[in-house]
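Q: Starting off with a structure, shown below.
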Amino acid sequence: MKNPDIVIIGGGLGGLTAGALLAKRGKKVLLIEQHSVPGGCATTFRRRGFLVEAGLHEMDGLDSGDPKRRIFEELGVFEHLEFIRVPELYRVVTSKTDLVVPDNTEKAIEMFIGAFPDEEKGIRAIFSTIHAIRDEVDRLPSNRTLLMLQLPFFPLLYPKLVFMGNRTLGEFVDSIIVNEELKIALLANYPYYHDDPDTLSLVYYSMAQSSYYRGGGHFIKGGSQRLSDYLAGFIQAHEGEVVLDTRVTRILTEHGRAVGVACRKRNGIEEEQVFRAETIVANAAVPLVAEMLPDAERMLLNRRISGLKPGISWLSVYIGFKRDISHLNNSAYSTFIMSEDASTLRRGIPSASSGFDRRGFVFVDYSRIDSGLGAEGKSFGVICTVDRIDEWNGLTEDAYREKKERVAKTLIDRLERTIPGISQEIEYVEVGTARTIQRFTGNPGGIATGYAQIKGQSGPKRLENRSPVPGLFFASAWANPGGGFTGAILSGWFCANEILS
Ligand SMILES: Cc1cc2nc3c(=O)[nH]c(=O)nc-3n(C[C@H](O)[C@H](O)[C@H](O)COP(=O)(O)OP(=O)(O)OC[C@H]3O[C@@H](n4cnc5c(N)ncnc54)[C@H](O)[C@@H]3O)c2cc1C
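Right, dumping it as structure tokens:
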């Protein structure tokens, strides 16, 4: 494309959403993606006849107050894709408890109080607090000047944010709930956000969890690639261009301002190509962006990000089943299985530093919904747990493959104890690690959710969409407001609005 207005580096959900919105508003968008398909983590692939979902278990929200609704409506997403609501928030299994948590505030409160009647006050407090925090964040003005004008009235306008904004989830839950089994059951899905309750930001947790309790969880029928393909097609239909198999190697600057990019086809044979544009949007991970900048601008960006801590990665055991597995004793779409010696929240929840024989995990059974995955007459599921790339670095290819096989066996054996007979139904198994995510998306450490959602890095303190380098913006899980499908999509939206304003 000649003379684009905007060049976007990376075709993950953040880049695709920003690109689609900017193209709709009349900007000439050129999106450059290194992989052979758009989507980044929002992708599917085919194996042995199975359609495998690489990432998405469920996406929060889509209720009337969810800002994603407006974005999807503006981009015509609802007319082209089907979102399947999953039947419950999750099932949680420990050695003492087996509970199904509804995806609805009133029903969830009722269920938790029924199971833990002595903790009614704490249960009500956690639900009212997460919703109040979410409402206050939603009310924050995106306009900086307005925000500054509101500063003197902050405690009155945003009491929860002021008094709870600096707390961690663990600290807050300990202050209102005593029973450790209840803590585990209430917080079972928090490893989707981070692996340590004692650093996880209460604000970030509240944003996401409140959205799940208000709108439930959804899967995209046919897999997340459908959303990525739709957004890429939208950019093309609005006079934009999506170039695949091409890696941006450098961001060009003049007088301190980003003015273009240099890129190469991934096979490296073709010459470097240069595109100039008035605005550059980086969807690629922010630490990679720093490496693409010339020295002076790199230093400027590094000064902003050097203290930020990255988040966690995940390991997925993709499983193709010979047939529908609904005859097995599994009632839920997603089941969180805690380690058998989980006597307290801190012992029970997955931590990337515990062994795979006791690291908690989630099993997602896509056959519980009309997912459009799997293969004719067969079904598909995934075991997922937190992961660290240093588990996998430095191994030879053989040692890497053997370790993946061992880890898959350990986790499947543990799943078998909760869902007897499931291992007999398996036809195909493949493991994706933190290393796999890094290889396909470039995310350092295989971290798909960017900088950790810990206190001091979340909510209003998140890395801004406008970078310190004029002309360069961020639209990804690494920037405001954070990771996950919702985080990346909103990041694209915030980024597009910053550019247009
Ligand atoms: C296993 C797994 C399960 C998940 N499950 C869920 C879930 O159930 N619910 C949920 O909400 N979220 C889930 N997530 C998280 C969610 O998928 C991610 O947070 C989100 O998709 C990240 O989007 P992004 O736009 O920030 O970037 P990414 O998806 O990381 O995409 C970045 C893109 O930039 C490209 N790129 C990088 N460098 C360059 C370069 N130099 N030149 C050109 N292109 C480049 C990459 O190839 C990639 O396509 C999951 C993630 C994983 C990995």
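Under the numbering used here, the final residue of the sequence shown carries the number 1539; numbering is consecutive throughout. Even for Gly, the Cβ is constructed at its ideal location relative to N, Cα and C.
1. Counting beta carbon pairs with one atom in the stretch 1259-1267 and one in the stretch 1278-1286, are three or more of them shorter than 8 Å?
2. For the beta strand (DSSP E) holding T1373, just list the boundary residues, first then last.
3. Evaluate contact between the stretch 1199-1212 and the stretch 1165-1177, counting only Cβ atoms and requiring at least three cross-stretch pairs below 8 Å.
4. Closest to S1213 by CA distance: which of G1294, I1161, S1249, H1276 is it?
5. So for D1098, helix, strand or coil by DSSP?
6. Counting only runs that start and end within the stretch 1176-1254, where is the beta strand (DSSP E) found for 3 or more residues in a row?
7. Per DSSP, K1303 is paired with what?
8. Throw me the rounded Cβ distance for the A1490 and Y1128 pair, which I believe falls under 8 Å.
9. So if DSSP puts D1425 in a beta bridge, which residue, or which two residues, is it bridged to?
10. Quick check for students: name the residue ranges of the alpha helix (DSSP H) that lie wholly in the stretch 1306-1338, counting only runs of 4 or more.
11. Look up L1453 in the DSSP assignment and give the residues it is bridged to.
12. State whether the stretch 1228-1240 contacts the stretch 1506-1515, with contact taken as three or more CB pairs (one from each stretch) at a distance under 8 Å.
13. Report the start-end ranges of each alpha helix (DSSP H) in the stretch 1465-1505 that is 4 residues or longer and not cut off at the edges.
14. Could you compute how far the alpha carbon of A1315 sits from the alpha carbon of L1069?
15. Would you say the beta carbon of T1479 is closer than 7 Å to some non-hydrogen atom of ligand 1?
16. Mind the definition here: the stretch 1473-1483 touches the stretch 1318-1329 only if three or more C-beta pairs lie below 8 Å; say whether that holds.
17. Rounded to whole angstroms, what is the Cα-Cα separation between K1134 and V1445?
18. Given the structure, does W1352 come close to ligand 1, in the sense that its CB is under 7 Å from one of the ligand's heavy atoms?
19. To the nearest angstrom, how far is it from the Cα of S1377 to the Cα of R1396?
20. Evaluate the contact criterion for the stretch 1405-1419 versus the stretch 1087-1106: three or more CB pairs, one atom per stretch, below 8 Å.
21. Around the C-beta of T1434, are 16 or more other C-beta atoms found within 10 angstroms, so that it is buried, or is it exposed?
22. Going by the beta-carbon positions, is the gap between K1416 and K1360 smaller than 8 Å?
23. Assign D1403 to buried or exposed, taking buried as 16 or more other Cβ atoms, counted over all protein chains shown, within 10 Å of its Cβ.
24. Please classify S1074 as buried or exposed, where buried requires at least 16 neighbouring CB atoms within 10 angstroms.
25. Round the Cβ separation of V1312 and V1045 to the nearest angstrom and send it over; I've been treating them as touching at under 8 Å.
A: In short, the structure shows the following:
1. no
2. 1372-1375
3. yes
4. I1161
5. strand
6. none
7. T1284
8. With a Cβ gap of about 22 Å, A1490 and Y1128 do not count as contacting.
9. S1351
10. 1324-1330
11. Looking at the DSSP assignment, L1453 forms no beta bridge with any residue, so it has no partner.
12. no
13. 1472-1479
14. 12 Å
15. yes
16. yes
17. 25 Å
18. yes
19. 5 Å
20. yes
21. exposed
22. yes
23. buried
24. exposed
25. In fact, because the Cβ distance is near 10 Å, the residues do not count as touching under 8 Å.
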